[in-house]
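**Student:** Those letters in the sequence shown? Residues 166 to 622, per the working numbering, in order.
Every residue gets a Cβ at the ideal spot worked out from N, C-alpha and C, and that includes glycine.
Input: one structure, supplied below.
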Amino acid sequence: MSHTKTIWEKINGDDGKEIESVSNGYLDFLEKAKTEAEAVDFFVEKLTSAGFKDIETLEKLTPGTKFYYNHIGRTLAAGVIGRNGVGNGLYIVASHIDSPRLDLKPRPVYEDSETNTVLLKTQYYGGVKKYQWVNHPLALHGRVFTREGKCIKIRIGEDPSDPVFLIPDLLPHISKLQKDRKLFEGIEAEELNAIFGSKPDDSKEDPFKNNILKILKEKYGVEEEDLSSAELSLVPAGKARSGGLDSSMVIGYGHDDKASAYTSFRAFMDMGQPDDTALVLFFDKEEIGSQGTSGSQSNFLEYVASMILKKLNGKSEHLDLLSLLRKSKVISSDVDAAMDPSFKSAHDTHNAGRLGSGIIVAKYSGYGGKFEGSEAPAEFVAYIRSIFQKYNVSYQFGTLGKVDEGGGGTVAQDFARHGMNVVDAGAPVLGMHAPFEIVSKADLWSCYKAYHAFMLH
Ligand code: MN
Ligand code: MN
Numbered sequence: 166m167s168h169t170k171t172i173w174e175k176i177n178g179d180d181g182k183e184i185e186s187v188s189n190g191y192l193d194f195l196e197k198a199k200t201e202a203e204a205v206d207f208f209v210e211k212l213t214s215a216g217f218k219d220i221e222t223l224e225k226l227t228p229g230t231k232f233y234y235n236h237i238g239r240t241l242a243a244g245v246i247g248r249n250g251v252g253n254g255l256y257i258v259a260s261h262i263d264s265p266r267l268d269l270k271p272r273p274v275y276e277d278s279e280t281n282t283v284l285l286k287t288q289y290y291g292g293v294k295k296y297q298w299v300n301h302p303l304a305l306h307g308r309v310f311t312r313e314g315k316c317i318k319i320r321i322g323e324d325p326s327d328p329v330f331l332i333p334d335l336l337p338h339i340s341k342l343q344k345d346r347k348l349f350e351g352i353e354a355e356e357l358n359a360i361f362g363s364k365p366d367d368s369k370e371d372p373f374k375n376n377i378l379k380i381l382k383e384k385y386g387v388e389e390e391d392l393s394s395a396e397l398s399l400v401p402a403g404k405a406r407s408g409g410l411d412s413s414m415v416i417g418y419g420h421d422d423k424a425s426a427y428t429s430f431r432a433f434m435d436m437g438q439p440d441d442t443a444l445v446l447f448f449d450k451e452e453i454g455s456q457g458t459s460g461s462q463s464n465f466l467e468y469v470a471s472m473i474l475k476k477l478n479g480k481s482e483h484l485d486l487l488s489l490l491r492k493s494k495v496i497s498s499d500v501d502a503a504m505d506p507s508f509k510s511a512h513d514t515h516n517a518g519r520l521g522s523g524i525i526v527a528k529y530s531g532y533g534g535k536f537e538g539s540e541a542p543a544e545f546v547a548y549i550r551s552i553f554q555k556y557n558v559s560y561q562f563g564t565l566g567k568v569d570e571g572g573g574g575t576v577a578q579d580f581a582r583h584g585m586n587v588v589d590a591g592a593p594v595l596g597m598h599a600p601f602e603i604v605s606k607a608d609l610w611s612c613y614k615a616y617h618a619f620m621l622h
C-alpha cells in the first residue's frame, strides 16, 4: 500500500528552513516549560519584551493594542485588537499547557528505615499508564508557598550537575508477584514512590528523613510543612531531542499540548496586525477535566471578553458579551493520535491521522457514540478548509481511534457552550501521555501555518 503524501514531499523554497526554525524554537520551549506555571512565565516574558501590556493596566483598547491577561500564573490569554475591533467576533486559538505527570502528595516525604531510604509519595495527574513512569530519571518542578507568603520556585534535575530522582521497578529476577497483574496494574498508584535519598544523619529517629529535610531547609529554604502548601511535580528529566536518523521528529515530554501552545503562540507573535481581534488562550487543568479556577470551565474567557468590550467600546452589557461570544470562532488546538505502526488495530486506518501529513482537523471528539465530546458544525469545518487552502496549509482529517477502543475530550466543549463555532485541530502524536512522546517537525510547522492562517483568515 502506498503512503499518504507527507508535508516533506510538498515543501519548497524556504519551507525547510522555516520547519527547522519552528522546531528549534519548540525544543527551547520544551526545555524551559515543563509545567503550566513555567509555560506562563515563558510566554509572559516574550510578551512583555514585545511590548504587550497587562490588560488590567490599560485604560483603553484601540486597533493594534497588544495585551495579555495572566490568571494566577497558570492560565494566560494574549490578544491583538483587530482593525475591525470585535465586530466580526473574536478569532481564538485555545490550547492547554498542563501535561500528565506525577504530583507530590500534600505529605510527600517518608522514611522507610527497613530499606535505608527516604521516599516521595506521588499522585498521578492526568491519564497515565502508570507502568511507563518507573525507571526514568525524574526532575522536581514547582512552587512552594511559605506561611510568610513567600513563593519558592523549585526546579531540581534539569541542570547536568543536579541530582535526579527515580521510581525503581522491581528487578525481573524476583518479579513473580507482578506476573499475573494486568499490564495497566503492572505498577499500582501507591507504588509510585520516588527515591528521594539514602543517607542518614546522626538523629536517633528517622535519620534518613531528617538528613533530607535539613538539605531542603538549607539549600531551598523549605520546611517540611511548606510541602503541604506547594505544587510540586515529578516530570521526566532532561531536554527534548531531535528524533530519527533523519532528525524529522522531536522526542520529548509534553507534546500534549505544548506542541499546540508553542505553535499557536509563535503564529500569534508573527501575525502582525489582524483584521479581526485575535486571541490565544493557554489553559491549565485540561488533563484532569478542565475544572478549577485555572481550567477552561472557569469564567476566564468571559472575564477577558468583558474587559475587551469594556475597554474597546466603553461598555460591556451582558447581552453584548453573549453576542460577542456567539459570533466568535475557535480552533481548540490539541494534539491527536498518529496511527501507531505497531498497534494499527487500535485505529480505523481509513480515518486515522498520519505522522508527517499535517495538522489533524477532528470534526468531533468523545468516546463511543460521540459521548462527552464536542462536534463542530459541518459549515464551520468547511470554513476552516477554505482558510487552510487559501494559505496553502497541509492538513488532514482524523478521528482518535476505533470507535469503541476509547476516546477523549478537549477544551472545545467549554467554547461550544457559549454558542461559538469551535473545531479541534492539532498535531498527530505517537506515544501520547507517556514520559516521552513523538511529534513530526513537519506537523509542528503545519500547525504554525494553520493557526497563522486562521487568525488572519
Ligand atoms: Mn491535550
Ligand atoms: Mn492529554
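(1) Can you list, in chain order, the residues of its chain with a C-beta nearer than 6 Å to that of R406? Leave out the 5 residues immediately preceding and following it.
(2) Mind checking who T287 pairs with in its DSSP beta bridge?
(3) With DSSP as the reference, please indicate the residues paired to V495 in a beta bridge.
(4) Could you tell me which residues DSSP puts in a beta bridge with Q561?
(5) Quick check on E323: does DSSP put it in helix, strand or coil?
(6) So, do the segment 420-438 and the segment 248-261 have three or more beta carbon pairs nearer to each other than 8 Å?
(7) Would T280 and G362 be called neighbours here (beta carbons separated by less than 9 Å)?
(8) Can you tell me whether DSSP reads M620 as helix, strand or coil?
(9) Could you give the distance in angstroms between the alpha-carbon of A599 and the alpha-carbon of I496?
(10) What three-state label does DSSP hand P372 in the structure shown?
(11) Could you give the uninterrupted runs of the beta strand (DSSP E) lying entirely in the segment 323-396, keeping only those of 3 residues or more?
(12) Please check the pair K423 and A242, which I expect to be a contact at CB under 8 Å, by giving their CB distance rounded to whole angstroms.
(13) For the beta strand (DSSP E) containing S407, list its first residue and its last residue.
(14) Using C-beta distances below 7 Å, list every residue in its chain close to K199, excluding the 5 sequence neighbours before and after it, in chain order.
(15) On the three-state DSSP scale, how would you describe F232?
(16) By DSSP, does V309 sit in helix, in strand, or in coil?
(17) If you follow the beta strand (DSSP E) that F447 is in, where does it begin and where does it stop?
(18) In the DSSP assignment, find the unbroken beta strand (DSSP E) run with E602 in it and report its ends.
(19) Pull up the CB-CB distance for I317 and V309, whole angstroms please, since I reckon it's below 8 Å.
(20) Looking at ligand 3, does it come within less than 8 Å of E451, judged from the CB to the closest heavy atom?
(21) From this set, D367, D345, I332 and N464, which residue's C-alpha is nearest A402's C-alpha?
(22) Excluding the 5 residues flanking D371 on each side, which residues of the same chain have their C-beta closer than 6 Å to its C-beta?
(23) Can you find a heavy atom of ligand 2 that lies under 8 Å from the Cβ of G591?
(24) When the distance is taken between beta carbons, is D501 closer than 9 Å to G591?
(25) Taking the alpha-carbon of K315 as reference, which of E544, S340, Y385 and E350 has the nearest alpha-carbon?
(26) Y427: which of R248, M472 and I262 sits nearest, CA to CA?
(27) Quick one: is the Cβ of H301 within less than 8 Å of any heavy atom of ligand 1?
(28) Taking the C-alpha atoms as reference points, what is the distance between D440 and K555?
(29) I'd like to check one pair, D268 with E396: are the Cβ atoms closer than 9 Å?
(30) For Y296 and Y290, what's the separation of their Cα atoms in angstroms?
(31) Under a criterion of Cβ closer than 5 Å to any non-hydrogen atom of ligand 1, which residues qualify, in chain order?
(32) Any chance the CB of G571 is under 8 Å from a heavy atom of ligand 2?
**Tutor:** Taking the coordinates as given:
(1) Cβ neighbours of R406 within its own chain (closer than 6 Å, five residues either side excluded): I416.
(2) Secondary-structure assignment with DSSP links T287 through a beta bridge to L269.
(3) I257 and V587, per the DSSP bridge assignment.
(4) Answer by DSSP bridge pairing, in chain order: I525.
(5) In the three-state reduction of the DSSP assignment, E323 falls in the coil class, being assigned neither a helical nor a strand state.
(6) Yes, they touch.
(7) T280 is not a Cβ neighbour of G362, given a cutoff of 9 Å.
(8) M620 sits in a helix when the DSSP states are folded into three classes.
(9) About 25 Å.
(10) Of the three classes helix, strand and coil, the one that applies to P372 here is helix, per DSSP.
(11) Listed in chain order, the complete beta strand (DSSP E) runs (minimum 3 residues) inside the segment 323-396 are 358-362.
(12) At roughly 17 Å, the Cβ-Cβ gap does not stay under 8 Å, so K423 and A242 are not in contact.
(13) Element bounds for S407: R406 to G408.
(14) Result list for K199: H306, V400, Y418 and G419, in chain order.
(15) Three-state result, F232: strand.
(16) Strand, per DSSP.
(17) Where F447 is concerned, the enclosing beta strand (DSSP E) stretches over A443 to F448.
(18) Start and end: E602 to S605.
(19) With 8 Å as the limit, I317 and V309 qualify as a contact, their Cβ atoms being about 4 Å apart.
(20) With respect to ligand 3, the structure shown offers nothing to examine, as its ligands consist of ligand 1 and ligand 2.
(21) Relative to the Cα of A402, the nearest Cα in the group D367, D345, I332 and N464 belongs to I332.
(22) So the qualifying residues of the chain are E276.
(23) False, no ligand heavy atom lies under 8 Å from that Cβ.
(24) Yes, they are a contact pair.
(25) With distances taken between Cα atoms, K315 lies closest to Y385.
(26) Nearest in C-alpha terms to Y427, of all of R248, M472 and I262, is I262.
(27) Because no heavy atom of ligand 1 lies under 8 Å away, the Cβ of H301 does not count as near it: no.
(28) Rounded to whole angstroms, D440 to K555 spans 16 Å at the Cα level.
(29) Taking the C-beta atoms as reference points, D268 is found nearer than 9 Å to E396.
(30) Each residue's Cα considered, the two are about 14 Å apart.
(31) Counting every residue whose Cβ lies closer than 5 Å to a heavy atom of ligand 1, we get D421, D422 and D499.
(32) Every heavy atom of ligand 2 is 8 Å or more from the Cβ of G571, so no.
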